[in-house]
Amino acid sequence: MPGFASHLVDRIAAHWVAAALAAGVVFGLSALVLQPLLPAAIGLVLLAGPAYMLHQVEEHAGDRFRRFVNERVFGGVEALTTADVLVINLPGVWGLNLAALYGAVLAAPGWGLAAAYLMVVNAVSHIAMAVRLKAYNPGLVTAILLFLPIGGLALVRTPAGIGEHLAGLGIALAIHAAIALNALRRARQARNP
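Counted the way this note's numbering counts, the sequence shown spans residues 8 to 200.
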């Protein structure tokens with residue numbers, strides 16, 4: 008079974024960015040048509056999915072982000088693996104955006120804020136990395152051009168209580184913290200076998 012799992016990861020890794028591009032364009036164009044028919048808050052949560060997919064193309068085409076992080080942030084140590092990238096982006100990001108959309112539609116618009124906070128926290132992370140390293144990092148442009156406007160507008164236009172805001176922000180921060188802690192743990196293990 009380990010051989011099969013490794014083969015499956017390799018196959019998905021080879022094609023998921025192309026799938027993100029196709030899905031991002033199709034879902035994005037569909038969302039733009041549907042958005043005027045929906046309450047603003049739900050339309051913005053709907054846009055989060057395709058915005059993230061287009062961001063993932065800039066970030067992960069050619070395995071750019073993983074290689075950048077491993078080389079520039081962790082000094083050549085494999086702190087971020089291909090499997091990490093897949094888990095973070097496919098069930099993690101795509102799953103969260105889908106869950107946020109369902110929460111916004113089925114419960115209340117404020118329960119979609121996790122998608123908006125995920126975009127804003129991710130954008131701030133990319134900007135902070137660019138400032139710290141004094142260099143472009145894969146994903147920076149779409150984080151600024153897509154995530155800050157869509158995520159920021161969703162935060163302002165979504166009717167939500169403090170609990171919904173705290174839950175959305177907490178989820179976004181927890182996801183980013185888990186990614187960072189996992190990479191730090193793996194880097195430590197690689198440096199101190």
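Every residue gets a Cβ at the ideal spot worked out from N, C-alpha and C, and that includes glycine. Remember, it's a predicted structure, so these values are computed and weren't measured experimentally.
Could you tell me how far apart the beta carbons of residue i and residue j are, in whole angstroms, since I believe they sit closer than 8 Å?
| i | j | result |
| --- | --- | --- |
| Val-24 | His-62 | At roughly 11 Å, the Cβ-Cβ gap does not stay under 8 Å, so Val-24 and His-62 are not in contact. |
| Ala-150 | Ala-130 | 4 Å |
| His-91 | Asn-199 | The residue you asked about is not His; residue 91 is Asp in the sequence shown. Contact flag wrong, Cβ pair sits at about 19 Å. |
| Val-64 | Leu-28 | 5 Å |
| Gln-42 | Gly-50 | 4 Å |
| Pro-116 | Ala-48 | 4 Å |
Which residue comes first and which comes last in the alpha helix (DSSP H) that contains residue i?
| i | result |
| --- | --- |
| Trp-23 | 9-41 |
| Thr-89 | 89-94 |
| Tyr-143 | From DSSP, Tyr-143 is part of no alpha helix (DSSP H); its letter is neither H nor E. |
| Gly-159 | 155-164 |
| Gly-110 | 102-113 |
| Gly-99 | Premise fails: Gly-99 is in no alpha helix (DSSP H) and is neither H nor E. |
What does a CB cutoff of less than 7 Å around residue i pick up in its chain, not counting 5 residues either side in sequence?
| i | result |
| --- | --- |
| Val-128 | Ala-179, Leu-180 and His-183 |
| Ile-6 | Outside the modelled stretch of the chain, which goes from 8 to 200, sits residue 6, for which no answer is possible. |
| Val-84 | Asn-77, Ala-194, Ala-197 and Arg-198 |
| Leu-140 | Arg-79 |
What residues in its chain sit with their C-beta under 8 Å from that of residue i, if we drop five residues either side in the sequence?
| i | result |
| --- | --- |
| Thr-88 | Arg-73 and Arg-193 |
| Ala-174 | Trp-118, Leu-120 and Ala-121 |
| Leu-53 | Ala-38, Leu-41, Gln-42, Leu-45 and Leu-108 |
Please work out which residues of its chain come closer than 6 Å, Cβ to Cβ, to residue i, disregarding the five sequence neighbours upstream and downstream, and give them in chain order.
| i | result |
| --- | --- |
| Gly-31 | Pro-57, Met-60 and Leu-61 |
| Gly-158 | Ala-123, Met-126 and Val-127 |
| Val-16 | Ala-90 |
If we count Cβ pairs, one from each stretch, closer than 8 Å, do we get three or more for the segment 143-158 versus the segment 81-97?
no
### Query
Touching or not, the segment 101-109 and the segment 156-164, by the rule of three or more beta carbon pairs under 8 Å?
no
Worksheet entry | Cβ contact (3+ pairs, closer than 8 Å) linking the segment 120-127 and the segment 45-65 | yes
**Report entry** Ordered list of alpha helix (DSSP H) runs contained in the segment 53-80, each at least 4 residues
**Finding:** Listed in chain order, they are 71-75.
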